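The structure appears right after this line, and notes come after that.
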Amino acid sequence: MRSSPPTETPGTGLRQNATWKTGRIWLGGTIVAIVAIVSAASGLTSEPVFPDETAYVTQSYYFDLMIRGERDDWAWVEYHAYDLPPLPKYLFGAALRALGRPVSDRLTAGRWFRDIEQELVPRESVVVARWPVVFFAVMGCLGLYCLGTLGVDVSAGLAAGLLLAINPLYRLHAHRAMSDVVAESLVIAALATGLAGWMRLMRGRAGGGLGWMVVAGVAAGLAPLAKLSGLLAGMVLAAWLVLGWVLRPQHAVAWVGAGLVVSLLAVGTFVVLNPYVTARPTGEPPRLMMGAAAEEESPLARLERMIRHRAEVSQHAKRAFPEYALWTPVEKLAAVVVQGLGRFGPLGPADHDSRVPYPRFAWSRDWGAAPWGLAVVAGMVVLVRRGRMQWRSGEPATGWAIVVMALVVFGVVTSFLPLAWDRYYLPLQPAAALLGGAALTEAARRITPLPRGADRD
2 MRSSPPTETP GTGLRQNATW KTGRIWLGGT IVAIVAIVSA ASGLTSEPVF PDETAYVTQS
62 YYFDLMIRGE RDDWAWVEYH AYDLPPLPKY LFGAALRALG RPVSDRLTAG RWFRDIEQEL
122 VPRESVVVAR WPVVFFAVMG CLGLYCLGTL GVDVSAGLAA GLLLAINPLY RLHAHRAMSD
182 VVAESLVIAA LATGLAGWMR LMRGRAGGGL GWMVVAGVAA GLAPLAKLSG LLAGMVLAAW
242 LVLGWVLRPQ HAVAWVGAGL VVSLLAVGTF VVLNPYVTAR PTGEPPRLMM GAAAEEESPL
302 ARLERMIRHR AEVSQHAKRA FPEYALWTPV EKLAAVVVQG LGRFGPLGPA DHDSRVPYPR
362 FAWSRDWGAA PWGLAVVAGM VVLVRRGRMQ WRSGEPATGW AIVVMALVVF GVVTSFLPLA
422 WDRYYLPLQP AAALLGGAAL TEAARRITPL PRGADRD
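Quick note, my numbering runs 1 ahead of the 1-based positions in the sequence shown.
This is how it looks when you write it as C-alpha cells:
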C-alpha cells in the first residue's frame, strides 16, 4: 500500500521561513558585534596618546555644566565651546565621573593650546575616555549591518559590518578619545532608521514611516554635535526624501511631512544639547577668557561663527602643513580614490600612524585602491540593477537609495576635503563598505549558486 504524502498545516512553511530569516538576522548581528568588540577593544590601552585626545579630555568639564543645568555659564561662549564639538566632551566627562577620575577645569584646557604635546591629564584618564568611543564604534558596525540588511540583504549587511569592523582606519580612531567615530556611528544610525522610515513611506505607510523619521531626525541632530561632518546625515536624508518624491509623487504630503519632522528634530536636538548656541551669561566673566563670543550674539550668528571658525582652522592647517594640503578638485579626487580607497580602505596597512609624514601616494600603502576600488564600483552597478528590479516589481527601490547615499557621501567629502589627513577619509568607509559588500556577496552567489528551492535574502 502506497503511503500518503505528508501534510503541512497552511501557513506553517511561511512561519518557519520567517523564523529562519529572523534567526539569520540575529546571528549576523551577533557575529558583527563580536568582531567589532574584539577589533575596537584590543590594543586600546597600549595605543599612544594622540594630542587631540588630551584636548578633548581636558574639556570634559562641559559635562558637569550640562548636568548641573548651567546653560548660561561664561564657559559656553568661550573659545573652547565652539572649537571642539560638545557631545564627545559630555561622553568623556561622564566616563571619568562614573569611574571616579578627576575632571580638568577650563584653565587646564587653555594650557593645551600653548603646547599640544603636554601631558595635562594622566594616561589612565585618556584610556577611560576611550571606552565610550569603543561603544560607539561597535554601534556603528551594527548600524551598518542593519543598513545593509534593509537596503540589500542579510549577507551584504554582514559583509559591510565586518568590512567596517576590520577597517584599519576605523579601528585606529575607535582607539582614540576623539569625535570621529562617534560622529560616524550617529550618521549610520540616522541613515539606518531613516531608510526604515523611507521604505514604509514608499509603501504608503505614513504612520510607521514618520515614526522612524523621528528617530532619524534625533540621530541627525546628534551627529553634528559630535563633529560637523555629521551634517552628512541630514544631507543624505534630504536626498532620500527627494528620491522618494520622484518615485512616489502621489505621497507628496508624506514626503513633506517627513522632511519637516527630520529638520525640526535635527535642529532642535542640536540647539538643546549645545548651549553655546543660546547661552546668555551675566555678571563678570571669569579670568583669562579665551576668545569668547559676544554674549549678545544671536543663535544664527553663533552658528555662523562656528562654521567660519572650522573653515579658518582648515585654511590655517593647509598653510602650516603644505605637504598635506589639497587645493584643486583634481588633487582632492586623486586623494579620495587612491588614499581613501587604498591605505585607508579595508586592505590598507594596519601600522598607520597619523604623526608620521608618509608620502602622498605610495604603492606599498595604496595598492589596495585597485582591487577595492573595483569592488566599490561593481557594488554600485549591482545596486543600480537591484534598484531597477525593485522598482519594476513595485517594491521600494532601496538599491537606488544606497547608491544615492554613496554619491552624496563621496561627492561632499571630495568637495570639502582640505588635507590628506586620515580622519577626513573616515566618512567614506561605511559607504564604500556597503558598496563593496554588495559586490562581494553578489559575486559569491554567482560562483556558488544556491540549489533550486533554497531561500535567498
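All residues carry an ideal CB built from backbone N, CA and C; glycine is no exception.
Since this is a predicted model, take the numbers as computed values, not measurements.
Cβ neighbours of Trp213 within its own chain (closer than 6 Å, five residues either side excluded): Thr194, Ala197 and Gly198. Counting along the chain, Trp392 sits inside the alpha helix (DSSP H) bounded by residues Ala370 to Arg393. The beta carbons of Arg112 and Val104 sit no closer together than 9 Å. The closest CA to that of Leu248, considering only Ala234, Asp423 and Arg393, is found on Arg393.
A Cβ-Cβ contact shorter than 9 Å links Ala37 with Val139. Following the DSSP letters along the chain, one finds Arg102 in no alpha helix (DSSP H), marked with neither H nor E.
The three-state secondary structure of Leu342, taken from DSSP, is coil. Comparing alpha-carbon positions, the option among Ala280, Ala239, Tyr426 and Gln251 lying closest to Gly260 turns out to be Ala239. Between the alpha carbons of Leu143 and Leu159 lies a gap of roughly 9 Å.
Distances from the CA of Thr109 to each of Tyr57, Trp246 and Ala130 were compared; the closest alpha carbon is that of Tyr57. In the DSSP assignment, Asp367 falls within the unbroken alpha helix (DSSP H) covering Trp364 to Asp367. A check of alpha carbon separations from Ile189 across Arg361, Pro225 and Leu121 identifies Pro225 as the nearest. DSSP, reduced to helix, strand and coil, places Leu242 within a helical segment of the structure shown. Gly369 and Gly346 have their C-alpha atoms spaced approximately 7 Å apart. Short of 8 Å from the beta carbon of Ile167, and not among the five residues preceding or following it, lie these beta carbons of its own chain, in chain order: Val36, Ser40 and Pro347. It is roughly 15 Å from the alpha-carbon of Gly101 to the alpha-carbon of Arg131. Cβ neighbours of Val383 within its own chain (closer than 7 Å, five residues either side excluded): Ala439, Ala440 and Glu443. Straight-line spacing of the CA atoms in Thr329 and Met236 works out to 23 Å. DSSP places His317 in the uninterrupted alpha helix (DSSP H) bounded by Pro300 to Ala321.
Below 8 Å, too few C-beta pairs join the stretch 332-341 and the stretch 297-314 to call them touching: fewer than three.
In this structure, Leu429 is the residue among Thr31, Leu429 and Thr59 with its C-alpha nearest to the C-alpha of Leu233. Separation of the CB atoms of Trp401 and Val377 is rounded to 17 Å, and the pair is thereby denied contact status at 8 Å.
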